[in-house]
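Asker: Chains A and B, in that order, are what the protein sequence lines are. Counting in this note's numbering, the first sequence runs from 341 upward without gaps. Counting in this note's numbering, the second sequence runs from 3 upward without gaps. We treat Cβ as the ideally placed atom computed from N, Cα and C, and that holds for glycine. Being a predicted model, the structure only gives us computed values, none of them experimental. Here it is, the structure, as C-alpha cells.
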Amino acid sequence: MIAALANPQRFMAVSRPLAPLLGGVSLVLFAVGLWLGFSAPEDYQQGDTVRIMFVHAPAATAGLVAYAALGAASFVGLVWRHALAEAAAKAAAPLGAAFTFLALVTGSLWGKPMWGTWWVWDARVTSVLVLFLLYLGYLALHAAIEDEQKAARAAAILALVGLVNLPIIRFSVDWWNTLHQPASVLRAGGPSMPSEFLTPLLLMMGAYLTAFGALWLVRIRSEVWRRRARRQAGAL
Amino acid sequence: MLAAGFYAALTALVPLAAGPEPERLALVAPGLAWIALVLASLLSLERLFERDLEDGALDLLALGGPPLEAVAAVKTKAQWLAVAAPLSLLAPIAAVALGADPGLAPVILLVALLGGLCFVAVGAVGAALAAGSRRGGLLIAVLVLPLLVPPVIFGAGAIQAADDGVPGGGLALLAAYTLAAAGLSPFATAAALRNAIS
Chain A
341 MIAALANPQR FMAVSRPLAP LLGGVSLVLF AVGLWLGFSA PEDYQQGDTV
391 RIMFVHAPAA TAGLVAYAAL GAASFVGLVW RHALAEAAAK AAAPLGAAFT
441 FLALVTGSLW GKPMWGTWWV WDARVTSVLV LFLLYLGYLA LHAAIEDEQK
491 AARAAAILAL VGLVNLPIIR FSVDWWNTLH QPASVLRAGG PSMPSEFLTP
541 LLLMMGAYLT AFGALWLVRI RSEVWRRRAR RQAGAL
Chain B
3 MLAAGFYAAL TALVPLAAGP EPERLALVAP GLAWIALVLA SLLSLERLFE
53 RDLEDGALDL LALGGPPLEA VAAVKTKAQW LAVAAPLSLL APIAAVALGA
103 DPGLAPVILL VALLGGLCFV AVGAVGAALA AGSRRGGLLI AVLVLPLLVP
153 PVIFGAGAIQ AADDGVPGGG LALLAAYTLA AAGLSPFATA AALRNAIS
C-alpha cells in the first residue's frame with residue numbers, strides 16, 4: 341500500500357479526495373465527541389474541569405503520533421532518498437509542534453484549578469515539553485540550511501536521533517519524578533475510566549488524529565505543488 | 003582553556019545571582035556545577051567541524067582511507083580529552099567552592115568525566131548537522147540540549163544519591179547512556195557530515 345502510494349502522481353490522485361474525506365470525518369467526530377463531552381456528568385472530584393481532558397489528552401497523543409509519523413517519513417526519505425517522504429516529514433513537523441503546544445497550554449489551564457498552579461515539574465509534563473523542544477530543533481535546523489535537499493536530509497537525521505532518544509527521555513524523566521496521574525486509557529487490565537468519560541475521550545482522540553491526517557495530507561500536497569512550481573520557474 | 007574560563011566565570015556568577023548565604027548555596031551547588039558543565043561543553047562544539055568544512059579539510063578526510071565514521075569517532079574523543087576532561091577536573095572544585103560537601107568531590111568528578119563524554123558524543127551529532135548553516139553555535143545548542151535530558155537527569159541523580167549516602171543512583175544509567183551515545187554517535191555524525199559536504 342505504501343509502495344503503491346510512493347508514486348507521486350498516484351499519491352496526488354488518492355490524496356485529493358482522501359484529505360477532505362478525513363477532514364469531514366474529523367468534523368463529525370469533533371461534533372459528537374464535544375457533545376458527549378459536555379453532556380458527560382461532572383466528575384465527583386474535579387467537577388466541570390474534567391472536560392478539559394477531552395481536548396487535552398488527545399492533543400498530547402496527536403503530538404506523539406505526529407513525531408512517529410515524522411520519524412517514519414524521515415527514515416524512508418533518508419534510506420530511499422524519496423522526495424515524497426521528505427515532503428511528508430517536512431509537512432508533519434509544524435503540525436506536531438502545534439499539537440504538542442496545544443497539549444501544553446490546555447494542560448496548564450487544567451493544572452491551575454486542579455493542582456493550584458499553572459506549571460509543575462512533573463514527569464509527563466516535562467517529557468511533553470522536551471518533545472516540543474525536539475520539534476523546535478527540527479524546525480530550526482530545517483530553516484537554517486538553505487539548500488533544500490541538504491536541509492531535508494540533515495533534519496531527517498535529527499528526527500531519527502530524536503526518535504531513538506524519545507523513549508529514553510521518557511524513561512529518564514519518569515525515573516526523575518512522578519506526580520502526574522499514570523496513564524489511564526492504555527494499560528493492562530483495561531481502562532480505569534467509566535464509559536461516560538471514555539467514549540467522548542476516544543471520539544476526541546479519533547477527531548484529533550483524523551484532523552492531523554487531513555491537515556498532513558493537505559500540507560504534503562501543497563509541498564509537492566510548491567516544488568513543482570519552483571521547478572517550472574527554474575525551467576523558464 | 004576558553005571553556006574553562008567560561009566555566010569559572012559562570013561559577014563565580016552563581017553566588018552573585020542566588021545570594022551568598024552558605025546554606026542556600028550548598029543546596030544547589032552540585033546541580034549548578036553540573037548544569038554549568040553542560041553549558042561549557044556546548045561552547046566549543048561549533049568549531050568541531052565548521053572550520054574543517056570551510057577550509058576543505060573535511061573533503062580530504064572524506065576522500066582518505068579511513069571511513070568518515072572513524073574520523074568522527076576520533077574527533078569526538080579528541081574533543082573530550084581536550085575540552086571536556088579539563089572541565090571535569092574543575093567541576094568538583096567549583097562544587098566545593100560553592101559549598102558542596104567535599105566528600106562528594108570524587109563522585110562529582112566521575113559523573114563529570116562520564117557526562118562530559120556523553121555531552122561531546124551527542125554534541126558532535128548536533129555540530130555535524132549544523133555545519134555549514136548560518137548561526138551555527140546557537141543552532142547546535144537548540145538541537146542538542148533536549149537530547150541531553152537523560153544524562154543530565156542520571157548525573158544529577160547519581161550526585162544526589164551519593165549526597166544521601168545511598169549506593170547506586172543514576173551512575174549505572176549514566177554510564178549505559180554514555181556508552182550507547184559514544185558508540186552510536188559516530189554513525190549519525192558521519193551521515194550528517196556526508197550530507198554537509200555533498
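Can you look up residue 364(A) in the DSSP assignment and give me helix, strand or coil?
Answerer: Helix, per DSSP.
Asker: Residue 131(B) touches chain A at which residues, Cβ-Cβ below 7 Å?
Answerer: What residue 131(B) touches in chain A: 481, 494, 497 and 498.
Asker: Am I right that residue 36(B) and residue 158(B) are in contact with their C-beta atoms under 8 Å? What's the rounded C-beta distance?
Answerer: Indeed they touch by this definition, with Cβ atoms about 6 Å apart.
Asker: In chain order, what are the residue ranges of uninterrupted alpha helix (DSSP H) at least 4 long that sit wholly in the segment 404-479 of chain A?
Answerer: Listed in chain order, they are 423-455.
Asker: Name the residues in the segment 8-39 of chain B whose C-beta lies less than 8 Å from a C-beta of chain A; which are they?
Answerer: Of all residues in the segment 8-39 of chain B, none has a Cβ within less than 8 Å of some Cβ in chain A.
Asker: When the Cα atoms are used, what is the spatial distance from residue 401(A) to residue 76(B)?
Answerer: If I take the Cα positions, the gap works out to 40 Å.
Asker: Can you give me, in chain order, the residues of the segment 463-490 of chain A that have a beta carbon less than 7 Å from any beta carbon in chain B?
Answerer: So the close ones are 470, 473, 474, 476, 477, 480, 481, 484, 485 and 490.
Asker: Give the C-beta separation of residue 123(B) and residue 38(B) to the nearest angstrom, bearing in mind that I take them to be a contact with Cβ-Cβ under 8 Å.
Answerer: Not a contact, Cβ separation roughly 19 Å.
Asker: Report yes or no: is there a C-beta of chain B within less than 7 Å of the C-beta of residue 512(A)?
Answerer: Yes, residue 512(A) counts as interfacial toward chain B.
Asker: Could you tell me the distance, in whole angstroms, from the CA atom of residue 96(B) to the CA atom of residue 110(B)?
Answerer: Using only the alpha carbons, I get a separation of about 10 Å.
Asker: Can you confirm whether the segment 387-396 of chain A touches the segment 440-447 of chain A when touching is taken to mean that 3 or more C-beta pairs between the two stretches lie within less than 8 Å?
Answerer: Segments in contact, yes.
Asker: Less than 8 Å between the CB atoms is what I'm expecting for residue 499(A) and residue 478(A), so what's the real figure, rounded?
Answerer: That belief holds up - the Cβ atoms of residue 499(A) and residue 478(A) are roughly 6 Å apart, short of 8 Å.
Asker: Is the CB of residue 520(A) under 7 Å away from at least one CB in chain B?
Answerer: Low confidence applies here, because residue 520(A) scores a pLDDT of 44, under 50, leaving its location unreliable and the question unanswered by this model.
Asker: Beta-carbon of residue 365(A) versus every beta-carbon of chain B: anything under 7 Å?
Answerer: Output row for residue 365(A): interface = no.
Asker: Mapping the DSSP letters down to three states, classify residue 134(B) as helix, strand or coil.
Answerer: Residue state, collapsed to three classes: coil.
Asker: Which of helix, strand or coil does DSSP assign to residue 520(A)?
Answerer: Confidence at residue 520(A) is low in this model, with a pLDDT of 44, below 50, so the placement of that residue should be treated as unreliable; the coordinate-derived value is given next. Reduced to three states, the DSSP call for residue 520(A) is coil.
Asker: Is DSSP giving residue 352(A) helix, strand or coil here?
Answerer: DSSP places residue 352(A) in helix when its eight states are reduced to three.
Asker: Are the CB atoms of residue 377(A) and residue 391(A) within a distance shorter than 7 Å?
Answerer: Contact: yes.
Asker: Using only alpha-carbon positions, find the residue among 195(B), 188(B), 168(B) and 141(B) that is nearest to residue 44(B).
Answerer: For the residues 195(B), 188(B), 168(B) and 141(B), the minimum Cα distance to residue 44(B) belongs to 141(B).
Asker: When you compare only the Cα positions, how much space is there between residue 168(B) and residue 71(B)?
Answerer: Cα-Cα distance, rounded: 40 Å.
Asker: Does DSSP put residue 105(B) in a helix, in a strand, or in coil?
Answerer: Helix.
Asker: Quick one: measure Cβ to Cβ for residue 127(B) and residue 501(A), integer angstroms, because I've assumed they're closer than 8 Å.
Answerer: Indeed, because the Cβ distance is near 6 Å, the residues count as touching under 8 Å.
Asker: At which residues does the alpha helix (DSSP H) containing residue 46(B) begin and terminate?
Answerer: No alpha helix (DSSP H) contains residue 46(B), which DSSP labels as neither H nor E.
Asker: Closest Cβ-Cβ distance between residue 168(B) and chain A: below 7 Å?
Answerer: Not one chain A Cβ lies under 7 Å of residue 168(B).
Asker: Just to confirm, are residue 153(B) and residue 176(B) a CB contact at a threshold of 7 Å?
Answerer: Their beta carbons are under 7 Å apart, which means residue 153(B) touches residue 176(B) by this criterion.
Asker: Indicate whether at least one CB of chain A lies closer than 7 Å to the CB of residue 145(B).
Answerer: Cβ-Cβ to chain A under 7 Å: yes for residue 145(B).
Asker: Determine the closest residue to residue 549(A) out of 349(A), 359(A), 354(A) and 346(A), with distance taken between C-alpha atoms.
Answerer: Among 349(A), 359(A), 354(A) and 346(A), the Cα nearest to that of residue 549(A) is on 359(A).
Asker: Between the segment 550-563 of chain A and the segment 414-422 of chain A, do three or more beta carbon pairs fall short of 8 Å?
Answerer: The segment 550-563 of chain A vs the segment 414-422 of chain A: no contact.
Asker: Please compile the residues from chain A whose C-beta is within a distance smaller than 7 Å of the C-beta of residue 152(B).
Answerer: In chain order: 508, 509 and 512.
Asker: Assuming residue 73(B) and residue 150(B) are in contact, meaning their beta carbons sit under 8 Å apart, how far apart are those beta carbons, in whole angstroms?
Answerer: Between residue 150(B) and residue 73(B) the Cβ distance is about 23 Å, and since that is not below 8 Å, they are no contact.
Asker: With a threshold of 6 Å on Cβ separation, who are the neighbours of residue 407(A) within its own chain once the five nearest residues in sequence on each side are excluded?
Answerer: Around residue 407(A): 436.
Asker: Within this structure, are the beta carbons of residue 51(B) and residue 143(B) separated by less than 7 Å?
Answerer: Contact flag unset, no.
Asker: With the cut-off set at 7 Å, would you say residue 366(A) and residue 483(A) are in Cβ contact?
Answerer: Going by C-beta atoms, residue 366(A) is not nearer than 7 Å to residue 483(A).
Asker: Name the two residues that bound the continuous alpha helix (DSSP H) containing residue 555(A).
Answerer: Start and end: 535-575.
Asker: In terms of residues, what are the limits of the alpha helix (DSSP H) holding residue 16(B)?
Answerer: 4-20 is the span of the alpha helix (DSSP H), which, as asked, contains residue 16(B).
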